[in-house]
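So in the working numbering, the last one in the sequence shown is 1029, and the numbering has no gaps at all.
Backbone N, C-alpha and C fix where the C-beta goes; we use that ideal spot for every residue, glycine too.
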Amino acid sequence: MLTRLSITNYALIRTLEINFSEPFSVITGETGAGKSIILGALGLILGQRAENLSLPDKTAKCCIEGTFDITNCDLEGFFSENDLDYDNSCIIRREISPQGKSRAFINDTPVGLNQLKELTSRLIDVHSQHQTLLLQESAFQLSVVDSVAGNRALLADYGMVFRSLIEMEKNLGILLTKNQEARTEQDYLNFLFDELEKAALRPGEQELLEREAEVLGHAEEIKARLFNAAEMLINSEDNILRRLNEVANLLQQAGRHHPEAGSFTERLSACIIELKDIAEAVNHLDEATVYNPEKLVEINDRLAFLYSLEHKHHVKSTDELLEKKLAIEEKINGIASLDEQIEKLRQQISDTRKELTRLADELAVQRRKFSRSIEEAVLQTIRQLGIKDAGFNLDISKLQEPGPFGTDRVRFMFSANKGSELNELSKIASGGELSRLMLAVKSLISSNNLLPTIIFDEIDSGISGDVAAKVGAILTKMSEKMQVIVITHLPHIAGKSNEHFKVYKYNENGKTFSTIVKLKNDERVSELAMMISGNPDLEAARETARELLKNK
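Pasting the structure below:
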């Protein structure tokens, strides 16, 4: 139940607060007084977008706040899932800065508009003239049947399976396209793989061959340098090692008389040993280095082959070629597995379609089960509302393909006159007939699905007099199960309410503002008299007003 609505700095409203305490409330006021502004402000806390907002004070933020009593609304799960603090008194707030930045809060915790809409859709239903037009749409008509039939959980299951099927079919299309492209590419991939496989690549092969080619390409020069080095070190008559041995003897002799000179001998001996090892290694390397032009040609041919493969695959080494080969192999294996994936997905789609059909059949059974009771309830109400010879039934037909809400199409078939053929609402119903039909539908829905609050804006369009009184009686009946708030121009409806609010304009400092006041009993008489005759002091109108209040 909406218990309080506070509006600050919004359109023509500087500040306003409404406290609702009764099950049936009406809001009246002259055309242009600001009733629609209040409804627009309420829309903001219901999650509507703040577009083209006008602020009386351009330097201050706009703030709309609603307090709801959510006792017994079974919303603890929503609060837990969204990490929100639960309290039986729920405060929803919307703030819009002068720059247009919007923020929303549930119990002082910032939330997104989707969360706001999800919560408020379970708290309040606002019926406007625009929604009356929805009555002509097949999707809305189907939702009415589902609401009365209690199909909410079944629809949720169906919707989940339907979305899953759509996603699977999308993925199947992607796989089929990929498979077709892969088949075109497969022969070329096999050729590339076979070529790399036959190449018998080895890790690090290119680097090793390049080093070998460098040696073989300069073998004669290398041998000459090594030979000369060995000659100088050990092989020539006046070689370095011989001269160093002579130096060692001289230092040894000097060391007999000078200890420091003796230490030089030890150090030089170590150098001589190292040089002997180097000389032997140089000799060995000289002997091992062989000029082999045939081997060089073989290596260069292999390198040229490797370079051509690397250029072809846009890589720079044999290691990268091996990685490329592995990637091609994986792609080939992936192509081979595509058929298996496609077959598996097709089976899943088949199973999902069966489940979707099962759920659609359940929905169809439920809809047809409740169709007769819906027809009878709507007919009873619209006949009470003055369309004595009305005809109404549900035309439920089967769709060729499953849709988002099943395989049924619902059409409300209506006739206002006796003997007239039933036809679709969009083709025959007038504005007044649509309003009464919508009230009948809302009355039916409210008796089956108890949203805490329903607000009617201009439900009295196209009706007056005795019919208006009957509308008031229906609204009163609805208020026994839920909170009903009605914006109306008709005294017969206003007189039925438990509490009455009046919206009016006032001027202050050269500016016009709208506000609202709760009327006391005498004030209600005056307001109803004004609505009846245009003169709040006309005694006949006041007497009629008293009768309306007495007979509510």
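- Take the alpha-carbon of Gln-818 and the one of Gly-811: they are about 10 angstroms apart.
- Each residue's CA atom was taken as its position, placing Thr-1021 and Ala-1006 some 7 angstroms apart.
- At a Cβ-Cβ threshold of 9 angstroms, Ile-495 and Ile-993 count as neighbours.
- Counting along the chain, Phe-545 sits inside the beta strand (DSSP E) bounded by residues 539-546.
- Under DSSP, the beta-bridge partners assigned to Ile-962 are Ser-502, Ile-932.
- Excluding the 5 residues flanking it on each side, Glu-674 has same chain C-beta neighbours closer than 8 angstroms at Lys-802, in chain order.
- Per DSSP, Ile-717 is one residue of the alpha helix (DSSP H) stretching across 717-732.
- In the displayed model, Asp-562 falls within coil according to three-state DSSP, outside both helix and strand.
- No Cβ-Cβ contact shorter than 9 angstroms links Leu-619 with Ser-991.
- Annotation for Asp-602: no alpha helix (DSSP H) segment contains it, though the beta strand (DSSP E) segment containing it runs 601-604.
- For the pair Arg-744 and Leu-710, the Cα-to-Cα distance works out to about 18 angstroms.
- Beta-bridge partners of Tyr-487 (DSSP): Ile-490.
- If you ignore the 5 residues before and after Glu-682, its C-beta comes within less than 6 angstroms of the C-beta of Thr-795, all in its own chain and listed in chain order.
- Note on geometry: alpha-carbon atoms of Thr-766 and Asn-716 lie some 23 angstroms from one another.
- The C-alpha of Gly-511 is placed about 10 angstroms away from the C-alpha of Ile-504.
- Beta-bridge annotation (DSSP): Val-887 is paired with Ile-873.
- Excluding its 5 nearest sequence neighbours in each direction, Leu-718 has C-beta neighbours in its own chain below 8 angstroms: Leu-710, Ile-711, Ile-749, Leu-752, Lys-753, Ala-756, listed in chain order.
- As computed with DSSP, Glu-898 is found in no beta bridge at all.
- Secondary structure remark: continuous alpha helix (DSSP H) runs of at least 4 residues inside the stretch 619-688, in chain order: 629-675.
- Bounds of the alpha helix (DSSP H) holding Tyr-784 are 770-790.
- Residues Arg-913, Val-944, Lys-947 of the same chain have their beta carbon placed closer than 6 angstroms to that of Leu-862, with the five preceding and five following residues left out of the count.
- In terms of Cβ geometry, Thr-544 and Gly-908 do not form a close pair [threshold 9 angstroms].
- Judged by pairs of C-beta atoms under 8 angstroms, the stretch 511-530 does not touch the stretch 550-566, as fewer than three such pairs exist.
- For Ile-699, the CB contacts under 8 angstroms within the same chain, skipping 5 residues up- and downstream, are Val-692, Thr-766 in chain order.
- The continuous beta strand (DSSP E) containing Pro-587 extends over residues 586-588.
- The criterion of a C-beta distance shorter than 9 angstroms is not satisfied by Val-961 and Glu-832.
- DSSP places Leu-482 within a strand segment (E or B) once states are collapsed to three.
- Rounded to the nearest angstrom, the Cβ distance from Arg-823 to Leu-649 is 7 angstroms, consistent with a contact under 8 angstroms.
- Counting along the chain, Ala-867 sits inside no alpha helix (DSSP H), nor does DSSP assign it H or E at all.
- Bounds of the alpha helix (DSSP H) holding Thr-858 are 795-861.
- In the three-state scheme derived from DSSP, where H, G and I count as helix and E and B as strand, Val-759 is classed as helix.
- Across the structure, Asn-549 and Leu-600 are spaced so that their CA atoms are roughly 11 angstroms apart.
- About 56 angstroms separates the beta carbons of Ile-805 and Arg-844, which is beyond the 8 angstroms limit, so they are not a contact pair.
- In the structure shown, Thr-1021 falls within a helical segment according to DSSP collapsed to helix, strand and coil.
- Taking a C-beta distance under 9 angstroms as the contact criterion, Asn-486 and Cys-540 qualify as a contact pair.
- Using a Cβ distance threshold of 9 angstroms, Gln-613 and Leu-840 do not count as a contacting pair.
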